[in-house]
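Structure first, then comments.
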Amino acid sequence: MASLSRGRAMISIAIEKGVPAGAALPYDPPMGELPPFHLAFAVHDLAAARKFYGEILGCAEGRSSDRWIDFDFFGHQIVTHLDEQGGRTRSSNPVDGHDVPVPHFGAVLDWDSFAALRVRLEEAEIPWVIPPYIRFEGLPGEQATMFILDPSNNALEFKAFRNRDQLFAKD
424 MASLSRGRAM
434 ISIAIEKGVP
444 AGAALPYDPP
454 MGELPPFHLA
464 FAVHDLAAAR
474 KFYGEILGCA
484 EGRSSDRWID
494 FDFFGHQIVT
504 HLDEQGGRTR
514 SSNPVDGHDV
524 PVPHFGAVLD
534 WDSFAALRVR
544 LEEAEIPWVI
554 PPYIRFEGLP
564 GEQATMFILD
574 PSNNALEFKA
584 FRNRDQLFAK
594 D
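Numbering (my numbering), first residue to last: 424 to 594.
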């Protein structure tokens, strides 16, 4: 509750200071900390989700019920919710000559963790949507990236930056 109160206080301060609509709200995390995100999404089979996220990706399982499962996704909370209908549609956008699936989510890993996950996915024979490759090689924001699908066809991207300080580099 303290973080909720703190968040409300930060929003109140932003309003009082006249932060324009659409401007980034102030966020003042403890030194070196980022807030974990929460993402909930549909899956058509909880057992398959448990195997994929728990066993293959190595995400620790949190609470669960017969309709959903929480996972620790690289320090963030994801929740797989059972949706037997599975009426998802997906599109793609061209990026670097690849059809990048939309929507997708993922994690930014360090270089060694990215390499280890790549091996783990290959050993589990998870097919690539976009195989691992290097973007912006030799430029600011150089990164390794790879895309896969979970058993419910949710697209995931994993990436690693040569220099994580360049996560939002433009040039």
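By construction, the Cβ of each residue, glycine as well, lies at the ideal position given by its N, Cα and C atoms.
The model shown is predicted, which means the values in this text are computed figures rather than measured ones.
Notebook entry, point to check: Hey, would you say A578 sits closer than 8 Å to P526, going by beta carbons?
Noted result: yes
Notebook entry, point to check: What did DSSP end up calling A592 once you bin it into helix, strand or coil?
Noted result: coil
Notebook entry, point to check: So what's I374 in DSSP terms, helix, strand or just coil?
Noted result: Here the chain has residues from 424 to 594 only, and residue 374 is not among them.
Notebook entry, point to check: Looking only at its own chain, which residues have a Cβ that is under 7 Å from the Cβ of D594, when we skip the five neighbours before and after it?
Noted result: P563
Check: Does the beta-carbon distance from D533 to A583 come in below 8 Å?
Finding: yes
Next item on the list: Give every residue of the same chain whose Cβ lies closer than 6 Å to the Cβ of G477, excluding the five residues on either side of it in the sequence, and list them in chain order.
Entry: E484
Notebook entry, point to check: When you compare only the Cα positions, how much space is there between N516 and I571?
Noted result: 15 Å
Note to self: Considering just the uninterrupted stretch of the beta strand (DSSP E) at D495, what are its terminal residues?
What the structure shows: W491 to F496
Notebook entry, point to check: Shortest alpha-carbon distance to S487 belongs to which of L480, A470, H499 and F460?
Noted result: A470
Next item on the list: Compare the beta carbon distance of G498 and P459 with 8 Å and say whether it is the shorter of the two.
Entry: yes
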